[in-house]
Amino acid sequence: MEIYSTKSDLQAHLQTLREAGKQIALVPTMGALHEGHLSLIREAQTVADIVVCSIFVNPTQFNDPKDLEKYPRPIENDIALLQSEACDILFLPSVDEMYPTANEHWSIDLGELDTLWEGAQRPGHFQGVTQIVYKLFHLVQPHIACFGQKDFQQVMVIQRMIDLKKLPVTLNICPIVRSEKGLALSSRNSRLSEKGKEEALVLFNVLDETKNNFANTSIEQLQQEAIAKLNTQPEITLEYFAICETRTLQQATDKDNNKKYVALVVAWIEGVRLIDNMLLNM
Ligand code: PAF
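Under full-length UniProt numbering, the sequence shown is numbered contiguously, ending at residue 282.
In structure tokens form, the structure reads like this:
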């Protein structure tokens, strides 16, 4: 695996690969890699000749400086994992390399995606995500980019950016990878104790029950039951649980057979913010 830390070296190398007709896939990450990320690398390997993984803990998408500070950065382990997956290229830039000028301006109209759910809870988060992903797309010029469904709204936001900016890249959305018991894998899980990981399973269980009962229960009742169950867990602080229509992420009220629905959940356990979701009728 080749490791680049500067844009110019990476671009020069990718240019020769592109001239040789290679299809390039990008897997953008913030490191602390786990099976979920590795599944993206494997998927990328099936659809492209060259897989570029980027590891960059992007400061502009953190609205809480403590969260940025605490974000795990086990870089040696990440490199070893990528090597064991035979990833072709790792891009590992510094903050100065990605943001050479302070307070660089970026603004993109994400519509309601910027104010609903994650947009509401983490003001500026999706502006920061699109800012860095746009830079990475511009730099790597991938044919395909792989993202996990775990950050459901993030994927929608990136698709919107691709559409708005007319970028020649196809998004490949990969399924959520879960532990044997159902916990959605996340870099943040490394901050949970074993007990916390057990407690966090309630998120999966509530999503799974919602999916199983979806055909026979009203949306209102499903939401009420899920919220009630999550609120009775003393170790969990629920931020939101909502059943939404997948195209707009508007909270659903009635079921429409022509529409698809997703349940979104965010909750805190042991001071760690956990996010999960499940498609309910597909
Ligand atoms: O999902 C993530 O890890 C980050 O939001 C991303 C897409 C790598 C941008 O920093």
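Beta carbons are placed, not taken as given, at the ideal position from N, Cα and C, and that holds for glycine.
Residue i CB to nearest heavy atom of ligand 1 below 7 Å
i: MET30; result: yes
i: ASN216; result: no
i: VAL169; result: no
i: VAL133; result: yes
i: ASN63; result: no
i: GLN250; result: no
i: GLN121; result: no
i: ASP78; result: no
i: ASP9; result: no
i: VAL47; result: no
i: ASN58; result: yes
i: ASP151; result: yes
i: GLN154; result: yes
i: VAL129; result: yes
Residue i versus residue j - alpha carbon distance
i: ILE144; j: ALA48; result: 8 Å
i: LYS70; j: ILE269; result: 15 Å
i: GLU111; j: THR101; result: The identity of residue 111 in the sequence shown is Gly, whereas the question assumes Glu. Rounded to whole angstroms, GLY111 to THR101 spans 27 Å at the Cα level.
i: ILE41; j: ARG273; result: 25 Å
i: LYS195; j: ILE243; result: 28 Å
i: LEU68; j: CYS53; result: 21 Å
i: ASN79; j: ASP88; result: What sits at residue 79 in the sequence shown is Ile, not Asn. Their Cα atoms are separated by approximately 11 Å.
i: ALA44; j: GLN23; result: 10 Å
i: PRO142; j: THR46; result: 14 Å
i: GLN149; j: PRO123; result: 21 Å
i: LYS135; j: SER107; result: 13 Å
i: LYS165; j: ALA184; result: 31 Å
i: ALA25; j: GLY182; result: 28 Å
i: ARG247; j: LYS260; result: 8 Å
i: MET98; j: LEU230; result: 40 Å
i: PRO74; j: VAL57; result: 12 Å
i: HIS138; j: LYS197; result: 38 Å
i: VAL155; j: SER39; result: 16 Å
i: ARG18; j: GLN11; result: 10 Å
i: residue 288; j: ALA20; result: This structure does not reach residue 288, given that the chain is present from 1 up to 282, and the question cannot be answered.
i: PRO65; j: VAL95; result: 15 Å
i: ASP276; j: GLU225; result: 17 Å
i: GLN15; j: PRO168; result: 16 Å
i: VAL51; j: ASP109; result: 30 Å
i: ILE236; j: ASN258; result: 35 Å
i: GLY119; j: MET161; result: 15 Å
i: ILE55; j: VAL206; result: 32 Å
i: PRO28; j: SER8; result: 18 Å
C-beta atoms of residue i and residue j nearer than 8 Å
i: PHE204; j: ARG178; result: yes
i: ALA32; j: SER190; result: yes
i: ILE3; j: LEU81; result: no
i: VAL157; j: VAL129; result: yes
i: MET278; j: VAL262; result: yes
i: GLN131; j: THR60; result: yes
i: LEU264; j: PHE214; result: no
i: ILE219; j: ASP254; result: yes
i: LEU90; j: MET1; result: yes
Bridge partners - residue i, DSSP secondary structure assignment
i: THR248; result: Bridge partners of THR248: none, in fact.
i: GLU2; result: ILE89
i: TRP268; result: THR237, ARG273
i: PRO142; result: Its beta-bridge partners do not exist; DSSP assigns none.
i: ILE173; result: PHE147
i: VAL52; result: LEU26, ILE89
i: ALA263; result: ILE243, MET278
Contact set for residue i: own chain, Cβ-Cβ below 6 Å, skip 5 residues either direction
i: GLN233; result: VAL202
i: GLN251; result: ALA242, CYS244
i: ARG188; result: VAL272
i: LYS211; result: MET278, LEU280
Beta-carbon proximity list for residue i, same chain, < 7 Å, skipping 5 on both sides
i: LEU116; result: LEU249
i: ASN63; result: ARG122, PRO123, GLY124, HIS125
i: PRO175; result: GLN149
i: MET282; result: LYS260
i: ALA200; result: LEU183, LEU192, ILE269, LEU274
Residue i: CB within 7 Å of a non-hydrogen atom of ligand 3
i: ASP67; result: Absence of ligand 3 is noted for the structure shown, with ligand 1 being the only ligands found.
Own chain, CB closer than 8 Å to residue i, minus 5 neighbours either side, in chain order
i: ASN172; result: ALA25, GLU43, ALA44, VAL47, ILE144, ALA145, CYS146, PHE147
i: THR170; result: HIS143, ILE144, ALA145
i: ILE227; result: LEU238, PHE241
i: THR6; result: PRO93, GLU97
i: LEU113; result: GLY119, PHE126, GLN153, MET156, VAL157, ARG160, LEU249
Any chain C beta carbon closer than 8 Å to residue i
i: CYS244; result: Checking the listed chains, one finds no chain C in this structure; it contains a single protein chain.
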